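Residue numbers (the numbering used here): 84 to 350.
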């Protein structure tokens, strides 16, 4: 049977395996996480079951390991990482109360939103760096990205049928997003980690700028992230430098996070 996540086809269209290994996509991780936090149910679950302040890299590392394994791993590796994620999701549930809505990490609607933020953030960053995808590649990559949800509890039919349907879904969801003191505190712990290694502390001012620049304006404002004409110009300069430099880096360097993650799950 043909591999549904194969690389470029004879027609020249790209698939998820042609782009997901690019380390520049990790630069959009903050965008994806804040979009997830702004979903009231996801945000409450993260606030009550995660500790960004003590382990600022944990959520990013787990997400990258999951994405890289589902896209590039063997069947055995995929099974193992899905079991690991399911075990971690087990305690993540709570009843509705005066604080917020009910939530469960096994809720396919919430998993769909998480997968949607990963897809939208990855494509946004990829096209900023490499330019717009042709229609065939863009649609094929979109369909491939459904696996990030369907590998867990999202039925395939819940993934919007095509990119137009996805844009309608994503736009609708954006209108429902909101933050409160708790989710803003979680976001602050993510963007200002107190227990980070020195290299991460040094990188965070740039990471905060890039995250703010990539977010939709409404979500940037909801998280009360600082923004100004000067910051917008600086963000534009950073992206221009990235477009000029990153595609010319050696492939081994560009794919290093993917390769490290796969070595980790192979142990």
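No residue lacks a Cβ here, since even glycine has one placed at the ideal position from N, Cα and C.
In this text the structure is predicted, and so the values were computed from the model without any measurement.
Item: Test item: CB-CB of residue 179 and residue 305 under 8 Å; Value: no
Item: Sequence-distant residues of its chain with Cβ nearer than 6 Å to residue 183 (five each side left out); Value: 123 and 127
Item: Candidates 332, 270, 329 and 229: closest to residue 115 by CA position; Value: 270
Item: Entirely enclosed alpha helix (DSSP H) segments - the region 173-254, minimum 4 residues; Value: 191-213, 218-228 and 230-233
Item: Closest residue to residue 231 among 195, 207 and 264 (Cα-Cα distance); Value: 195
Item: Buried versus exposed call for residue 341 [16 or more other C-beta atoms within 10 Å across all chains shown]; Value: buried
Item: Close Cβ partners of residue 156 (< 6 Å) along its chain, the five nearest in sequence each way excluded; Value: none
Item: Contact check, residue 125 vs residue 197, beta carbons under 8 Å; Value: yes
Item: Cβ contact (3+ pairs, closer than 8 Å) linking the region 228-245 and the region 210-220; Value: no
Item: Residue-chain proximity (residue 306, chain B), Cβ-Cβ < 8 Å; Value: As a matter of chain content, chain B is missing from the structure shown, which is built from one protein chain.
Item: Spatial distance of residue 170 from residue 324 (CA atoms); Value: 41 Å
Item: Own chain partners of residue 173 with C-beta closer than 6 Å, once the 5 adjacent residues on each side are dropped; Value: none
Item: Residue environment, residue 348, which counts as buried when at least 16 other CB atoms sit within 10 Å; Value: buried
Item: Helix, strand or coil at residue 131 according to DSSP, with G and I counted as helix; Value: helix
Item: The region 157-165 contacting the region 105-113, beta-carbon criterion three pairs below 8 Å; Value: no
Item: Euclidean distance between Cα positions of residue 85 and residue 279; Value: Residue confidence is low: residue 85 scores 44 on pLDDT, short of 50, so the model does not pin down where it sits. Its coordinate-derived value is still stated next. Cα-Cα distance, rounded: 43 Å.
Item: C-alpha distance - residue 222 paired with residue 229, whole-angstrom precision; Value: 11 Å
Item: Whole-number beta carbon distance between residue 118 and residue 302, since they are thought to touch under 8 Å; Value: 6 Å
Item: Sub-8 Å separation of residue 415 and residue 151 beta-carbons; Value: Given a span of 84 to 350 for the chain in the structure shown, any question on residue 415 remains unanswerable.
Item: With 16 other Cβ atoms within 10 Å as the buried cut-off, status of residue 289; Value: exposed
Item: Expected contact under 8 Å - CB spacing of residue 98 and residue 88 to nearest Å; Value: 6 Å
Item: Within 8 Å, strictly: CB atoms of residue 287 and residue 274; Value: yes
Item: Contact under 8 Å by Cβ, residue 300 with residue 253; Value: no
Item: Local conformation of residue 263 per DSSP, three classes; Value: coil
Item: Proximity of residue 105 and residue 337 at Cβ, strictly below 8 Å; Value: yes
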